[in-house]
Amino acid sequence: MLSFFDRLSDPAKGIALALISNALFILVGVIVRELSQTIDIFQILLFRQLVFVTLLMPSITSNIDAMLHPKMMSMHVWRVTGAFIALYFSFLTVSNIPFADATALGFLKVLFVAVISRLFLKENVGWARMTTILVGFTGVMLVVQPTLESESLFYVGTGLVAALGAAIAVICVREMANVESKTVVLAYQAIFVGAVALIPAIIEWQWPTWSELALLVLVGVISSIGQCFGVTAYKWGEANVVSNVEYSQMIYSMVLGYLLFAELPNSLALIGASVILFSAILPFIIKAKQKQ
1 MLSFFDRLSD PAKGIALALI SNALFILVGV IVRELSQTID IFQILLFRQL
51 VFVTLLMPSI TSNIDAMLHP KMMSMHVWRV TGAFIALYFS FLTVSNIPFA
101 DATALGFLKV LFVAVISRLF LKENVGWARM TTILVGFTGV MLVVQPTLES
151 ESLFYVGTGL VAALGAAIAV ICVREMANVE SKTVVLAYQA IFVGAVALIP
201 AIIEWQWPTW SELALLVLVG VISSIGQCFG VTAYKWGEAN VVSNVEYSQM
251 IYSMVLGYLL FAELPNSLAL IGASVILFSA ILPFIIKAKQ KQ
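Note that the UniProt record's numbering numbers the sequence shown so that position 127 is 127, with each residue one more than the last.
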């Protein structure tokens, strides 16, 4: 397996790692959906963070001075807030609406990142980028097909909130990337998101069975491996290529939604998924046209 990986070109390595990372995050969603039938979301989130902190402990101890003297404290607060909102509300969403719908709503993070960057960071978002985002948004709406039914609309709303939280976290990480060490950024998120989840988790605490405990630990382990693969993917491939591979989650979620939960997408949803995937390659089409 390693020899096969070594023979790949650097961009192919990045794409391969990103595909694995995305598959692992979709698998986490499947486990969370199963666990949420009996275990409270706050408790699932607490276990995820505990496992994450445990796995990070060697890095934390070797970077203790940087941990005790963060350079961008206010940005860490926003990062933790965004990450908590993203994790809690995405877990809530994936537990209550069709799997592909929850995944599609997560892609609205791209739209929120563009809006926040334009309004608050005064970044220029060109027409090509906005076209790509609007095409992706159209695809999301075709997949989700929100109705005015109160329950369905509520969980579409939680998916939107999760995407907004993820966008805030992404922007904060981007702002801190050249100032704070990766260990500090990851550890602060892991520790303080867990701290926020602690009290609600205790209030709603239910002792897990051994099988539930194994699944709770798996959520943390798989999330950590997925994040590691995702970060490493950017080492090998260009950022714009690797980030677009994230749209592979749409395919994974539709296949697993059908196989595991008997969720058969209708024709509009299939068209929407195709539009979302098209939005991933649209930047390359526009770039090629501009070079002509």
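For glycine and all other residues, C-beta sits at the position ideal for the given N, C-alpha and C.
If we count the other Cβ atoms within 10 Å of its Cβ and call it buried at 16 or more, is residue i buried or exposed?
i, result
"leucine 268", "exposed"
"leucine 17", "buried"
"aspartate 65", "exposed"
"alanine 214", "exposed"
"valine 77", "exposed"
"arginine 174", "exposed"
"glutamine 43", "buried"
"asparagine 22", "buried"
"serine 90", "buried"
"glutamine 249", "buried"
"glycine 204", "A quick correction: the sequence has glutamate, not glycine, at residue 204. Exposed, since its Cβ has fewer than 16 Cβ neighbours within 10 Å."
"glutamine 37", "exposed"
Pick helix, strand or coil for residue i, following the three-state DSSP scheme.
i, result
"proline 11", "helix"
"leucine 108", "coil"
"valine 94", "helix"
"leucine 264", "coil"
"proline 200", "helix"
"tryptophan 127", "helix"
"asparagine 178", "coil"
"glutamine 249", "helix"
"lysine 71", "coil"
If I measure Cβ to Cβ from residue i and keep anything under 6 angstroms in the same chain, skipping five residues before and after, which residues do I get?
i, result
"leucine 55", "Ser224"
"alanine 128", "Ile286"
Measure the CB-CB distance between residue i and residue j and report whether it falls below 9 angstroms.
i, j, result
"alanine 177", "phenylalanine 112", "no"
"glycine 82", "alanine 166", "yes"
"isoleucine 116", "isoleucine 168", "yes"
"alanine 100", "glutamate 263", "yes"
In chain order, what residues of the same chain have a beta carbon less than 8 angstroms from the beta carbon of residue i, not counting five sequence neighbours either side?
i, result
"isoleucine 191", "Gln49 and Val53"
"glycine 106", "Ser90, Gly159, Ala162, Ala163, Ala166 and Gln249"
"valine 219", "Val28, Ile31, Val32, Leu35, Ile44, Phe47, Arg48 and Val51"
Going by beta carbon distance, what residues of the same chain come within less than 7 angstroms of residue i, once the five residues before and after it are set aside?
i, result
"methionine 67", "Ile60, Val184 and Ala187"
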